Structure formats: C-alpha cells, structure tokens
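Protein chains in written order, with full-length UniProt numbering: chain Y, 1 to 337; chain R, 1 to 337.
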C-alpha cells in the first residue's frame with residue numbers, strides 16, 4: 001500500500017484534523033472524537049438545518065460540503081464505513097437551528113439506520129426532522145427496484161439544492177419537498193478503471209485486469225453491470241448517457257445539470273474528453289446544459305474512473321443550484337463576469 | 001495504458017474543447033488550432049495583460065487559470081511539451097489590452113525561447129513586455145544554481161499575484177516587480193509515489209518499485225534527490241519543509257502561503273494528513289499560515305504524489321493573494337462568512 005499516511009488507524013482522524021486546520025474559517029470539529037464536522041460560524045438561527053453523514057474516503061463528499069448554502073453538519077465514519085449513532089445524533093444537534101432538520105444521506109443500510117435512530121431521539125424532544133435518501137446509481141438496481149439503488153455523486157447536487165433552499169428561509173417541509181423533486185430526475189452511473197485501497201485493509205478492494213474496466217461499479221467497489229475491455233471515451237460517454245436516459249429520458253427543450261466526476265486518479269483532462277462528447281450529444285438533442293460541474297466531487301480515494309450524473313432542472317431547481325454557496329470545496333464554475 | 005480518451009493524438013485538443021464547452025462563460029479558444037485559451041470576456045482594456053503557456057497534462061495549470069484576476073491568455077502545447085511560437089505570439093496578442101503584457105512562465109528552455117521570440121515580435125510593434133520566470137523547485141538544483149531550477153506549483157501563486165496586481169490597475173513595471181518579489185521567497189518540492197503515462201508514449205514515463213517513492217521528482221518525471229522506501233506522512237512533511245527551509249529560512253513572526261498540491265492520484269485525505277503535521281510544525285515556530293491552498297493545482301495527470309510550496313508574505317502579497325479571482329479552477333478557500 002503506497003499512501004501518504006502515518007498509520008491506517010489514524011488515517012481518518014488525522015485527515016479530518018488537517019482539513020479543519022487548513023480551513024479554519026469554514027469548519028470546526030464536534031462530537032466526542034471530532035468525527036462531526038460543523039460550520040465554524042452559523043448565524044442563521046431559525047433556518048432549517050441540513051445534516052448528513054457517511055463513510056470517509058470520498059472527499060470532498062460528505063464532510064467537505066459543510067458550508068453556507070450547503071450542509072450545517074456532517075457525521076464521519078471510518079473509510080467506507082458509516083458514522084456512529086453518537087456522532088449522527090451530535091451532528092443533528094449541531095444542525096438544530098430552530099426550524100427543523102433535513103437529513104440528506106445516501107441509500108446505505110447502516111447510514112439509514114443510525115440516522116433513523118438519531119432522528120427518533122431528537123423528535124422525542126420535539127425537534128422536527130425529515131430525511132431524504134439519495135438513490136441515484138442506475139447501475140445498482142433496475143427501475144422496478146429503484147428504491148434499493150445506491151447513492152453516489154447525486155448526493156452532491158442534493159446537498160446544494162437542500163442547502164440553498166434552507167438558506168432562502170424555506171420551511172422544513174418545502175426544503176424536503178424541493179430536494180425530493182430534484183432527485184426524482186437525477187441519475188448517475190460510474191465506470192471504474194482501477195480499484196482503490198482501504199488503508200486498514202492494506203491491499204486493493206478488488207483486482208481489475210490491466211486492460212479491464214468495470215461499468216457501473218459503486219463508489220466502494222460494489223459490483224457493476226459489466227467488466228470488459230477499455231473502450232474509447234466517446235463510447236463510454238455514449239453508454240453512460242444511454243443508461244441514464246433509459247431510466248430517465250431526456251427530450252428537446254429539457255435543461256439539465258451535468259456532473260462529470262473523477263473517482264480520484266482520473267485527471268481533469270479525461271473528464272473534459274468525456275464531457276466534450278456528452279455536450280455534443282446533448283446539444284444535438286437540444287438539451288441545454290444549464291449547470292456543468294467538472295472535477296473531484298465524490299471520490300473513492302485513488303480509484304481511477306469517472307461518474308456521470310444528470311439532473312433535469314426546472315426554473316426553481318436551476319435557481320437553487322446557481323445560488324451562491326461558500327465552502328472550501330464548492331467551486332462556482334459558472335464564472336459570470 | 002488505461003485512460004479515458006479517444007486517441008493519443010486527439011488527447012490535448014479534445015480535452016481543451018471539452019474544457020471550453022464545460023465553462024463557456026469563462027473561456028474561449030483562439031489561435032489557429034484552438035491551442036490558445038483566452039478569457040471569454042475581457043472588459044479591462046487598459047490593464048496589464050497576463051499571459052502564460054506551457055505543456056499540457058498539468059490541469060488546472062496552466063490554461064485552467066485563465067480568468068479574472070488571473071491569466072488573460074495561455075498557449076498550450078502537447079502533453080509535457082511546450083507551446084508553439086505561433087500560439088505563444090497569438091496568446092500575447094490576446095493579452096495585449098493596451099498597458100503592456102507580463103508573461104509568467106515556468107523555467108523550461110523551450111518555453112523561455114518561444115516566449116522570448118514572440119515578445120520580440122510584439123515589442124517590434126511597440127508593445128511593452130516583461131517576463132517573469134518561475135524557478136521554485138529546490139530539488140532541481142542547489143542554491144548556487146537556483147536560476148536553473150524548474151518551475152512547478154509556485155507558478156500558480158505567481159499567476160494569482162500577477163493577476164491581482166494587474167486587476168488593481170498597476171503598471172507593467174509594478175506588476176512585474178511584485179511578482180518577482182513574491183517569487184524571491186517562494187520554494188517548492190514534490191514527492192512522487194508513482195509515474196504517469198504520456199498518452200502518445202503509451203507506457204509509464206518511469207518505473208517506481210512497489211515500495212519506492214522519489215523525493216524531489218519534477219512534474220514531468222525529472223529525476224529527484226533520492227529514491228527509497230515510503231516513509232510516514234509526518235516524516236515526508238518534515239523532510240519537505242526542512243528542504244524548503246534550508247533554502248529559504250522561516251522564523252517566528254513570518255507569514256506564509258502554503259500550497260499542498262496533489263500531483264494527480266493522491267486524494268485530499270492524504271494532503272490533509274500531510275498538512276496536519278506541517279501546520280503543527282509551523283505553529284510551533286510561530287509562523288502564521290495566512291493562505292492555505294489544498295488540492296489539485298499543478299498535476300502530472302494521474303501521477304501519485306504531492307508537492308509543497310511555501311511563499312513568505314508581506315502585507316502587499318497577502319492582500320494580492322486574497323483578492324477575489326474568478327475562474328472555474330480557482331477556489332477561495334478562505335471562506336469568510
């Protein structure tokens with residue numbers, strides 16, 4: 001295992017400590033062991049709190065997206081392992097700003113269980129809580145079992161929508177509703193070119209032959225829809241877009257957000273090569289890309305590969321995505337002058 | 001070679017096309033073959049133009065940093081190969097906004113030659129041009145040969161200083177002078193954990209044994225100062241900081257910018273683990289980190305490893321680094337609320 005670390009046991013805690021040291025104006029650590037990341041300053045008493053949590057190893061997801069117009073708090077587990085109940089409960093307490101809490105989490109059994117239990121504890125004290133579960137990975141189950149699908153990079157867009165809605169003083173019910181609406185037409189799929197290594201395991205999660213890739217692999221190395229020879233970037237882009245469209249068709253006049261995400265080792269160069277073909281396909285269909293995001297958003301440490309997320313937008317969703325957000329890992333790629 | 005591409009020959013051009021398609025409000029392509037990236041909108045007629053250029057494969061460096069408060073134009077070569085004279089001349093013409101042009105480039109022979117020739121052509125037409133050459137890599141030559149050192153991630157900080165100075169209406173002479181001042185106390189060093197593969201070569205630039213790393217390797221795989229077994233993150237951080245300090249000592253009361261940069265495959269997790277120890281060392285020396293940057297700034301495609309850049313700051317330099325910039329790849333990590 002060739003990684004810059006001190007020991008597998010200290011990997012998560014030292015990385016979180018470094019993240020907070022590097023961005024002292026943005027983050028603080030809470031929870032008994034510092035495994036809750038919270039906003040350094042929260043002035044918006046009275047707004048809906050947005051809380052999340054998940055395994056580590058996906059930075060900037062999950063904890064990196066704590067910030068204004070994004071998350072108020074995030075509970076952090078071990079690498080590829082969900083957060084503890086104590087930390088999730090603490091994350092909810094931090095996010096309790098007096099107008100209820102919206103939990104936005106990926107569709108993983110352990111995460112749902114601890115968020116459910118923590119929510120019950122706070123609800124018993126009179127705090128209103130809603131939970132939105134992101135299940136955007138079309139490769140992980142067919143449409144008839146869509147509720148079992150994994151949550152992948154679509155979580156990032158859900159954070160942005162929920163955070164912007166809460167920041168604009170919407171109620172808990174409205175914030176949850178608009179986030180659910182956004183996810184109804186949000187789909188993702190990934191392709192892995194290599195594995196990654198969980199520090200405590202010390203060896204790659206799986207092996208991919210020198211010439212093999214896996215379409216549809218999950219961000220923890222969950223099995224995909226096929227394993228086979230590497231194809232051209234354009235062929236990969238076509239297959240990924242076709243699979244998303246088979247599940248959630250696009251038509252002329254639609255507006256979409258597109259998130260072209262590196263799983264870790266894949267450089268911007270390759271994302272842009274993928275995007276070039278996608279943009280051409282969507283333009284020929286007269287689908288407008290109103291919100292393109294390119295880069296490292298939901299990673300699997302040093303895994304090589306990319307994921308594609310497409311979300312259909314109406315005026316309300318487009319406006320929430322474009323609303324300002326402040327966070328060390330949120331880049332405004334629109335760059336209006 | 002396992003990369004998302006269509007062909008090695010189209011790698012650079014398709015990636016640049018995708019970059020411009022993804023950020024249409026920020027970039028446009030110029031030059032006979034689209035190998036010049038320019039700002040989509042430039043309203044600041046009368047300001048000093050900031051131009052750069054270099055090989056491809058380092059995104060966001062070089063061309064990604066075209067934007068307000070950064071570069072006005074950038075000429076792009078092939079992977080790890082400098083831009084053509086024609087494109088550099090075109091980049092200078094684009095950056096000519098009526099108040100002279102500052103070229104900020106890395107210390108590579110080919111780049112210096114074509115920028116020198118292009119500058120002569122424009123100077124013959126009466127355009128004032130200054131050139132600042134970045135040579136921040138302490139591993140590439142001893143102090144007595146510092147003028148031969150390679151330019152690495154310090155180039156990013158030089159772009160930011162020069163761009164902010166130009167944006168604040170300084171003269172060409174002042175913009176060049178403050179950029180040179182910044183570079184006087186800017187030093188970098190990198191450590192590589194793996195090679196990368198130039199698409200047209202089709203195989204890794206070099207081989208590193210499974211347990212070996214190379215301290216001081218250049219961003220194109222140039223030989224470093226030692227090759228040996230992987231060490232702990234804290235030991236790597238100590239050695240990197242010690243080598244920078246041996247060249248440009250820090251003392252209590254100093255303020256610095258710190259850029260902890262992934263060479264590609266190395267995830268944020270590992271950068272934060274490195275940074276945690278660096279921040280502790282600097283705090284114990286009573287050196288203030290006034291400007292921390294963490295992430296992918298100057299990469300070598302999918303190379304694993306990291307570089308550390310430290311720049312001493314005075315009030316003027318701190319203010320120029322903190323000035324707003326708008327570019328798809330510039331993140332404001334300060335996040336004041």
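Ideal Cβ positions, reconstructed from N, Cα and C, are used throughout, including at glycine. As the structure is a prediction and not an experimental result, all values here were calculated from the model.
- Counting only the Cα atoms, residue 15 of chain Y lies some 34 Å from residue 170 of chain Y.
- Runs of the alpha helix (DSSP H) lying entirely within the stretch 257-310 of chain Y and spanning at least 4 residues, in chain order: 268-284.
- With 16 or more neighbouring CB atoms inside 10 Å of its own CB, residue 96 of chain R falls in the buried class.
- Closer than 8 Å at the C-beta level to chain Y, one finds these residues of the stretch 206-237 of chain R: 210, 211, 213, 230, 232, 233, 234, 236.
- Within the stretch 41-83 of chain R, no complete alpha helix (DSSP H) segment of 4 residues or longer occurs.
- The Cβ-Cβ distance between residue 233 of chain Y and residue 321 of chain R does not fall below 8 Å.
- In terms of Cβ geometry, residue 89 of chain R and residue 121 of chain R form a close pair [threshold 8 Å].
- Across the set R:323, R:329, R:262, R:287, the C-alpha of R:287 shows the shortest separation from the C-alpha of residue 245 of chain R.
- A Cβ-Cβ distance of about 5 Å is found for the pair residue 20 of chain R and residue 27 of chain R, placing them in contact under the 8 Å criterion.
- With three or more CB-CB distances shorter than 8 Å, the stretch 172-192 of chain Y counts as touching the stretch 149-156 of chain Y.
- Excluding residues up to 5 positions away in sequence, 189, 216, 224, 225 lie with their Cβ nearer than 6 Å to the Cβ of residue 139 of chain Y in the same chain.
- In terms of beta-carbon proximity, residue 275 of chain Y lines the interface with chain R, with at least one pair separated by less than 8 Å.
- Neighbours of residue 160 of chain Y in chain R, taken as residues whose beta carbon is under 8 Å from its own, are absent, since the nearest beta carbon is some 15 Å off.
- Counting only the Cα atoms, residue 247 of chain Y lies some 11 Å from residue 184 of chain Y.
- Fewer than three Cβ pairs drawn from the stretch 276-286 of chain Y and the stretch 65-73 of chain R lie within less than 8 Å of each other, which leaves the two stretches out of contact.
- Bounds of the alpha helix (DSSP H) holding residue 11 of chain Y are 11-22.
- In the displayed model, residue 29 of chain R falls within a strand according to three-state DSSP.
- Listed along the chain, the chain Y residues whose CB falls inside 7 Å of the CB of residue 4 of chain R are 233, 236, 266, 270, 273, 274, 306.
- Chain Y has a Cβ within less than 8 Å of the Cβ of residue 292 of chain R.
- Only exposed fits residue 284 of chain R, as fewer than 16 other CB atoms lie within 10 angstroms of its CB.
- Burial of residue 218 of chain Y is indicated by the presence of at least 16 other C-beta atoms within 10 angstroms of its C-beta.
- Taking a beta-carbon distance threshold of 8 Å, residue 297 of chain Y does not count as an interface residue toward chain R.
- At the C-beta level, residue 102 of chain Y and residue 257 of chain Y stay beyond 8 Å of one another.
- Cβ proximity to chain R below 8 Å picks out nothing from the stretch 132-145 of chain Y.
- Within its own chain, the residues whose Cβ lies closer than 6 Å to the Cβ of residue 167 of chain R, once the five positions on either side in sequence are excluded, are 69, listed in chain order.
- Scanning Y:114, Y:192, Y:118, Y:260 for the CA closest to the CA of residue 295 of chain Y turns up Y:260.
- Under the three-state reduction of DSSP output, residue 131 of chain R falls in the strand class.
- In the displayed model, residue 137 of chain Y falls within a strand according to three-state DSSP.
- Relative to the Cα of residue 127 of chain R, the nearest Cα in the group R:205, R:290, R:48, R:214 belongs to R:48.
- For residue 182 of chain R against residue 161 of chain R, the beta-carbon gap comes to about 5 Å, under 8 Å, which counts as contact.
- The straight-line gap separating the alpha-carbon atoms of residue 293 of chain R and residue 268 of chain R is approximately 11 Å.
- Assignment of residue 8 of chain R by DSSP, reduced to helix, strand and coil, places it in the helix class.
- Residues of the same chain with a CB within less than 8 Å of the CB of residue 239 of chain Y, apart from the 5 flanking positions on each side, are 215, 231 in chain order.
- According to the DSSP assignment, residue 323 of chain Y belongs to no alpha helix (DSSP H), since it is labelled neither H nor E.
- Secondary structure of residue 161 of chain R (DSSP, three-state): helix.
- Close CB contacts of residue 135 of chain R within its chain, under the 6 Å cut and outside five residues either way in sequence, are with 107, 149, 151 (chain order).
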